[in-house]
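Asks: This is the structure I have questions about; it appears just below.
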Amino acid sequence: MTPPLPEALRTVLERAALRPLRQIASLQHEPGRMALLSLEAAGLYLDLTRSPVDRHDWSTLLAFARDSRLLERRQAMQAGETINVTEQRKVWHPLLRADAASLATWPGSAAQVQMRDHAWQGVQATLHQMRRFAGQVLGGGLISDVVHIGIGGSYLGPELALGALVGAHAPPGRPRVHFLANVDPLAWDRLAPALDAQKTLFIMASKTWTTQETSLNARAVRDWQQAQGLEPEQIAARWAGVTARPDLAMGAGLPAGQIFGFEDWVGGRYSLWSSIGLPIMLGAGIEAFDALLAGARAMDQHFFSAPPEHNAPVMLALLSLWHQWHLGSQTEVVVPYARGLARLPAFLQQLQMESNGKRVDIDGQPLPVNGSPVIWGEPGTDAQHSFFQSLHQGLQIQPIDFVLVAGQPDDERARALQANALAQIEALSLGRPGSDAHRDNPGNRPALVVVLPHLDARSLGALLALYEHKTAALGWLLNLNSFDQFGVELGKQMAGEFLPLLARNAGAPSSDLSPATRALLLRLRRAGGA
Numbered sequence: 017m018t019p020p021l022p023e024a025l026r027t028v029l030e031r032a033a034l035r036p037l038r039q040i041a042s043l044q045h046e047p048g049r050m051a052l053l054s055l056e057a058a059g060l061y062l063d064l065t066r067s068p069v070d071r072h073d074w075s076t077l078l079a080f081a082r083d084s085r086l087l088e089r090r091q092a093m094q095a096g097e098t099i100n101v102t103e104q105r106k107v108w109h110p111l112l113r114a115d116a117a118s119l120a121t122w123p124g125s126a127a128q129v130q131m132r133d134h135a136w137q138g139v140q141a142t143l144h145q146m147r148r149f150a151g152q153v154l155g156g157g158l159i160s161d162v163v164h165i166g167i168g169g170s171y172l173g174p175e176l177a178l179g180a181l182v183g184a185h186a187p188p189g190r191p192r193v194h195f196l197a198n199v200d201p202l203a204w205d206r207l208a209p210a211l212d213a214q215k216t217l218f219i220m221a222s223k224t225w226t227t228q229e230t231s232l233n234a235r236a237v238r239d240w241q242q243a244q245g246l247e248p249e250q251i252a253a254r255w256a257g258v259t260a261r262p263d264l265a266m267g268a269g270l271p272a273g274q275i276f277g278f279e280d281w282v283g284g285r286y287s288l289w290s291s292i293g294l295p296i297m298l299g300a301g302i303e304a305f306d307a308l309l310a311g312a313r314a315m316d317q318h319f320f321s322a323p324p325e326h327n328a329p330v331m332l333a334l335l336s337l338w339h340q341w342h343l344g345s346q347t348e349v350v351v352p353y354a355r356g357l358a359r360l361p362a363f364l365q366q367l368q369m370e371s372n373g374k375r376v377d378i379d380g381q382p383l384p385v386n387g388s389p390v391i392w393g394e395p396g397t398d399a400q401h402s403f404f405q406s407l408h409q410g411l412q413i414q415p416i417d418f419v420l421v422a423g424q425p426d427d428e429r430a431r432a433l434q435a436n437a438l439a440q441i442e443a444l445s446l447g448r449p450g451s452d453a454h455r456d457n458p459g460n461r462p463a464l465v466v467v468l469p470h471l472d473a474r475s476l477g478a479l480l481a482l483y484e485h486k487t488a489a490l491g492w493l494l495n496l497n498s499f500d501q502f503g504v505e506l507g508k509q510m511a512g513e514f515l516p517l518l519a520r521n522a523g524a525p526s527s528d529l530s531p532a533t534r535a536l537l538l539r540l541r542r543a544g545g546a
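Here the numbering used here = 1-based position in the sequence shown + 16.
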């Protein structure tokens, strides 16, 4: 049976259900709207005025935020309390980018402060090790390529960051960085011919050091190194490990100085700030990685100190809920108008859907509403020529986050990029009547805007931390745990069970399997090696 709703949540849901759909065009003239729904945070500018929420709705949402345990849990995160209750872990990824000055403002008892300071010293020691290693690699001139082997959170963040900060071509003096994530043999087969075995550094990134896809790809790479004539000591020298299990990495033969650890409270989708970010440091430079941390730290300070009505992540979380409840939207579209942010939608897919794609709250009770909308998108202007038709005239209203970069070159193409972004924002939110039904654009599609001053490391760090905290705030508003992912774990476990059954010489599949699964398994096995 669905549990009774908390009073504040019930009030918001009832208000959303009873309110007529407000027209964004008319709300644009609401007095004080810009002051109410736009702000600057950590160097970013957010314009949230193009949402069908009036000041009375917004007041109700803010009351809900204050009545929830959001502020309490925000403080518990800083204090190092075990807020990931299902896995009995702290949630301390902001500690990865804290400096001594910001850390001094965090709350906590004397014992919590002592524990936190000890953990922060460990983070600083790992950063020092990373900087020293990166300096050796970048200064030695012997490494032309770096291949980062990981999957999910162990590679999406670094891939996004390097796409934004470096692009397709490595700057002079820095190695090219490649990512090997998919276990499909084609991924490695296409990458290998471009590499010189003598000049390539491989990084294996796995929190447990046992991730199946990562381990299989690493094994294929070692076989290739041997085939290229490298001796065992040469192979070992060309590997680094990033893991929460440095003991297993050392047991695999990696040099101790090339193993970079992190703690088990670092979740994969929150890990690019840890040693998982080593390829960012190698590809974009040590200073760029430090600036990335600084940008995230600035957003942390904003999130931890600003009240809900002036708190960018909390505001985004509240509007996400309102759009689901009031509009019935089940997805959120992310469209960055910057080619360097092409992987942002994929990064946010994992961040938000793996965090909040849950059926029950912290107490194991069924959620009264969906915990996470489906996140999807592509860069503009490409996306305008594919799915934007449905966004403009489709039956279902999908809220859209537009991510813009203000600091563009004085180039007609850059101006065209920004002109297209402004046009889409205006057309989606305000619409325009057509001469007939086919040409009518109703508008009233929520268009939220986030503006970066430049596409640089500091702004990128602030942007990613903004969405990290939005995700946590959304989970806290619904009393769910954003920091476990047991649905992912089940798939990993079952893949391990199926792997031996796909060998050509395996015995008959178990009768416990469904007829459809047995038939599919046998078909795949017969076709193997064809």
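Just so you know, even glycine gets a beta-carbon here, dropped at the ideal spot from N, CA and C.
#1: Would you mind working out which of Ile-296, Ala-312, Arg-313 sits nearest Phe-305, comparing C-alpha positions?
#2: So, with DSSP's three-state summary, where would you put Trp-108?
#3: Reducing DSSP to helix, strand and coil, say where Phe-320 ends up.
#4: Considering only residues of the same chain and omitting the five flanking positions on each side of His-3, which have a CB-CB separation below 6 Å?
#5: Taking only three categories from DSSP, how would you classify Asn-198?
#6: Report the rounded CA-to-CA distance for Gln-214 versus Ala-236, giving the unit in angstroms.
#7: Straight-line CA distance for Pro-516 to Met-510?
#8: Going by the CB atoms, is the gap between Met-220 and Ile-165 shorter than 9 Å?
#9: Is Ser-336 helix, strand or coil when you go by DSSP?
#10: Exposed or buried, what is Lys-508 when buried is set at 16 or more other beta-carbons lying within 10 Å of its beta-carbon?
#11: Run the CB neighbour count on Arg-113, radius 10 Å, all protein chains shown included, and call it buried at 16 or more, exposed below.
#12: Starting from the N-terminal side, write out each stretch of the beta strand (DSSP E) that is 3 residues or longer and does not extend beyond the segment 264–298.
#13: Measure the C-alpha to C-alpha separation of Asn-233 and Arg-455 and round it to an integer number of angstroms.
#14: Can you name the residues that DSSP bridges to Asn-233?
#15: Counting Cβ pairs, one atom from each stretch, are 3 or more of them under 8 Å apart for the segment 93–112 and the segment 365–372?
#16: Might you give, ordered along the chain, the residues of its own chain that have their beta carbon closer than 7 Å to the beta carbon of Trp-108, omitting 5 neighbours on each side?
#17: Check whether the Cβ atoms of Phe-9 and Tyr-353 lie closer than 9 Å to each other.
#18: For Arg-155, which of Gly-299, Leu-246, Asp-133 has the nearest alpha-carbon?
#19: Hey, out of Glu-505, Trp-122, Gly-284, Arg-375, whose CA is closest to Asn-495's CA?
#20: Considering only the beta carbon of each residue, do Gly-179 and Leu-357 sit closer than 9 Å?
#21: Compare the Cα-Cα distances from Thr-142 to each of Val-163, Glu-279, Tyr-61, Arg-132 and report the closest residue.
#22: Could you tell me if Met-146 is buried or exposed, where buried requires 16 or more neighbouring beta carbons within 10 angstroms of its beta carbon?
#23: In or out: Ala-546 buried (at least 16 other Cβ within 10 Å) or exposed?
#24: For Ser-475, does the count of other Cβ atoms within 10 angstroms reach 16, so buried, or fall short, so exposed?
#25: Using only CA atoms, which one of Pro-191, Val-182, Gln-412, Arg-539 lies nearest to Ile-159?
#26: What is the DSSP secondary structure of Thr-347, reduced to helix, strand or coil?
#27: At 3 residues or longer, and completely inside the segment 116–166: list those beta strand (DSSP E) runs for me, N to C.
#28: The beta strand (DSSP E) with Ile-219 in it runs from where to where?
#29: Which same chain residues end up closer than 7 Å to Ala-478 when comparing Cβ atoms and leaving out the 5 residues on each side of it in sequence?
Replies: From the atom records:
#1: Ile-296
#2: coil
#3: helix
#4: Nothing about residue 3 can be read from this structure; the chain reaches only from 17 to 546.
#5: coil
#6: Cα-Cα distance, rounded: 17 Å.
#7: 11 Å
#8: yes
#9: The three-state reading of DSSP puts Ser-336 in helix, counting H, G and I together.
#10: exposed
#11: So Arg-113 counts as buried.
#12: As summarised for the segment 264–298, the continuous beta strand (DSSP E) elements at least 3 residues long and confined to that stretch are 275–277, given in chain order.
#13: 52 Å
#14: In the DSSP output, where bridge partners are listed per residue, Asn-233 has none listed.
#15: no
#16: Gly-96, Ala-135, Trp-281
#17: One cannot answer for residue 9 here, as it falls past the ends of the chain, which runs 17 to 546.
#18: The amino acid occupying residue 155 in the given sequence is Gly; Arg does not appear at that position. For the residues Gly-299, Leu-246, Asp-133, the minimum Cα distance to Gly-155 belongs to Gly-299.
#19: The option with the nearest alpha carbon to Asn-495 is Arg-375.
#20: yes
#21: Glu-279
#22: Burial of Met-146 is indicated by the presence of at least 16 other C-beta atoms within 10 angstroms of its C-beta.
#23: Model confidence at Ala-546 stands at a pLDDT of 39, short of 50, so the residue's coordinates are unreliable and nothing is read from them.
#24: buried
#25: Of Pro-191, Val-182, Gln-412, Arg-539, the residue nearest in Cα terms is Pro-191.
#26: strand
#27: If you keep only unbroken beta strand (DSSP E) runs of at least 3 residues inside the segment 116–166, you get 161–165.
#28: 216–221
#29: Ala-58, Gly-59, Leu-60, Gly-311, Ala-312, Ala-314, Met-315
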